[in-house]
Amino acid sequence: MSWVYIIDIIGTLVFAISGVLTAIRHKFDLVGSVIIGLVTAVGGGSLRDMLIGETPVGWMTDINYLYTVLLAVILTYLFESQITKRTKSMFLFDTLGLGMFTILGVQKTLNVGLSIPIALLMGAVSAAFGGVIRDVLTNEVPLIFRKEVYATACILGGLVFIALELFSTYTNLNMIIAMLTIMVLRYQSVKRGWSLHI
Amino acid sequence: MSWVYIIDIIGTLVFAISGVLTAIRHKFDLVGSVIIGLVTAVGGGSLRDMLIGETPVGWMTDINYLYTVLLAVILTYLFESQITKRTKSMFLFDTLGLGMFTILGVQKTLNVGLSIPIALLMGAVSAAFGGVIRDVLTNEVPLIFRKEVYATACILGGLVFIALELFSTYTNLNMIIAMLTIMVLRYQSVKRGWSLHI
Amino acid sequence: MSWVYIIDIIGTLVFAISGVLTAIRHKFDLVGSVIIGLVTAVGGGSLRDMLIGETPVGWMTDINYLYTVLLAVILTYLFESQITKRTKSMFLFDTLGLGMFTILGVQKTLNVGLSIPIALLMGAVSAAFGGVIRDVLTNEVPLIFRKEVYATACILGGLVFIALELFSTYTNLNMIIAMLTIMVLRYQSVKRGWSLHI
């Protein structure tokens, strides 16, 4: 099992937990929690795969992703108060997922033969659109349109990854640097309240 | 024409009628009624087909589904008051559609070679996500997240179907038993006010 | 470069500008503007392509569409007040885009081998569903369900195009006549306040 796979699963778990927390806050029932958890974790990647024509969508051919989402539902119901207290750890793992989802989305789109700008866009869609669909389903205006340097961090990190791949064949290292870029950008943007309002 | 096809068409008609009633309640115009009727009836199956890569989506290759939706629009405009009075008959046909859409969704997903848990999920998506998309388009929080044992009935019925298929080759009979399971679960859940809040 | 391509790009630009204006009105940030601009311009065609199985979706294989959207974002930020004053020119170009998107959507759907009624529907989806997705993402009830003869103009124009194609091989001329039909219907419907409430 590669480190990429492990971080991908961790990202899925944390994204799903954040979805389930949203569902609980909206007083959804168990089914609602599963759906919102699933959509938050795999919705972005599903949209990317449907758009680029890589179907069945990725998470369907490896059952571990669905089980990870179900685990997230159980963990969140059992340890809700502890999880909501650990905002810092949750945020760390969330940025980890953000970075990994972006890079994997960029890679998958390039592998289909699409261009670099489309790959950057699909990297951001992979990482950010699960949250957009979650917000639409809970009848809220998607958060990323308003307040946060979120998709921007993904696009810049994706750009770093593609640039590094041009000069170096150490893909693992390139991924790590690009992910760290995304994590740092995201962390700094929240800490300093960066925004892109013009 | 098989009994499966007939019930599938009846389910399409009733789902579409319920969509058109929603559109009328929201004071949408004729186009809005057609779109909401269509989305309610074929939206779940379309999402399933796009996710599993079975495109063009099913209803596009058999024009009867589109005609059934248009018939539903005409019937609802002509007989709105009579239809809204017949809540019991409508509910019966609605559960019939729910059962059939679920089983057909499970079958189609298994035929693509995907796993049983994914097939159960796609069965529920086929039956329940038309209503979710309808609710999103009419700017309401999807009902199934809050109050009803709806998707759960689909998943349990799908499980019954798959279990029966392992032991018996009488697929028609297995389908009927699974559909009855979904119909009874759905009927009882509404009658007794079951919910899955934890 | 054909006249069809030029009008398609103009339509993309104008649809994207209208999306960006919506985003600015909702006080979205730059990323929100890009996403809403992109979704308004290419969302309808993307949904059509995913439904009929023509993936990667069209705009991904020709980078000019993405660049046109980015150009729309820049133009709208720079010249917002001038653009919002030119409502008549904007409306003219918007109906031009509406007509072209419809006809191209009808053609693409027929080319996949689907039936005429489905092609008419997909023509309307190509032209009108970008706006629907924009409205969903900005948490508004889609406008086309309520007030405007919009999708209807697309379906009638599509019908004119298909009818002309049966009798004449001058496809360019047929496209122009069909587009003019859509533009005139749309213009008259807005001018006279036509609606389809029954």
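Chains as they are written, first to last, in this note's numbering: chain A, 1 to 198; chain B, 1 to 198; chain C, 1 to 198. Every residue, glycine too, gets a C-beta built ideally from N, C-alpha and C.
Residue i, buried or exposed, once every other Cβ within 10 Å from all chains shown has been counted against 16
{"i": "A:S126", "result": "buried"}
{"i": "A:K88", "result": "exposed"}
{"i": "C:K85", "result": "exposed"}
{"i": "A:F167", "result": "exposed"}
{"i": "A:K27", "result": "exposed"}
{"i": "B:G113", "result": "exposed"}
{"i": "A:S2", "result": "exposed"}
{"i": "B:T55", "result": "buried"}
{"i": "A:T169", "result": "exposed"}
{"i": "A:S33", "result": "buried"}
{"i": "B:F68", "result": "Before going on, a small fix: residue 68 of chain B reads as Thr here, not Phe. Result: buried."}
{"i": "B:T61", "result": "exposed"}
Segment limits, alpha helix (DSSP H) that includes residue i
{"i": "B:L98", "result": "87 to 111"}
{"i": "C:F28", "result": "It is not in any alpha helix (DSSP H) - C:F28 carries neither H nor E in the DSSP assignment."}
{"i": "A:I155", "result": "151 to 167"}
{"i": "B:L180", "result": "171 to 192"}
Proximity below 8 Å, CB of residue i to CB of residue j
{"i": "B:V132", "j": "B:L120", "result": "no"}
{"i": "B:A16", "j": "B:L38", "result": "yes"}
{"i": "C:M90", "j": "C:V42", "result": "no"}
{"i": "C:Y99", "j": "C:M183", "result": "Reading the sequence as shown, one finds Gly at residue 99 of chain C and not Tyr. Against a cut-off of 8 Å, the Cβ pair of C:M183 and C:G99 comes out as a contact."}
{"i": "B:V136", "j": "A:L137", "result": "yes"}
{"i": "B:L66", "j": "C:I6", "result": "no"}
{"i": "C:G157", "j": "C:T95", "result": "no"}
{"i": "C:L70", "j": "C:D8", "result": "no"}
{"i": "A:D29", "j": "B:S115", "result": "no"}
{"i": "C:A151", "j": "C:A124", "result": "yes"}
{"i": "C:R134", "j": "C:T12", "result": "no"}
{"i": "C:V57", "j": "C:G45", "result": "yes"}
{"i": "A:F93", "j": "A:I10", "result": "yes"}
{"i": "B:A153", "j": "B:R192", "result": "no"}
{"i": "C:N139", "j": "A:N111", "result": "no"}
{"i": "A:E165", "j": "A:N172", "result": "no"}
Minimum length 4: unbroken alpha helix (DSSP H) runs contained in the segment 122 to 149 of chain B:
Listed in chain order, nothing qualifies, since the segment 122 to 149 of chain B has no complete alpha helix (DSSP H) run of 4 or more residues.
Segment contact, 8 Å Cβ cut-off, at least three pairs: the segment 161 to 180 of chain A with the segment 139 to 151 of chain A:
Touching, no.
Segment contact flag, the segment 70 to 79 of chain B with the segment 20 to 29 of chain B, C-beta cutoff 8 Å, min 3 pairs:
Taking 8 Å as the limit for Cβ pairs, the verdict is that the segment 20 to 29 of chain B does touch the segment 70 to 79 of chain B.
Along the chain, which unbroken stretches of the alpha helix (DSSP H) at least 4 residues long are found entirely within the segment 20 to 72 of chain A?
If we require 4 residues or more, the alpha helix (DSSP H) runs fully inside the segment 20 to 72 of chain A come out as 30 to 52.
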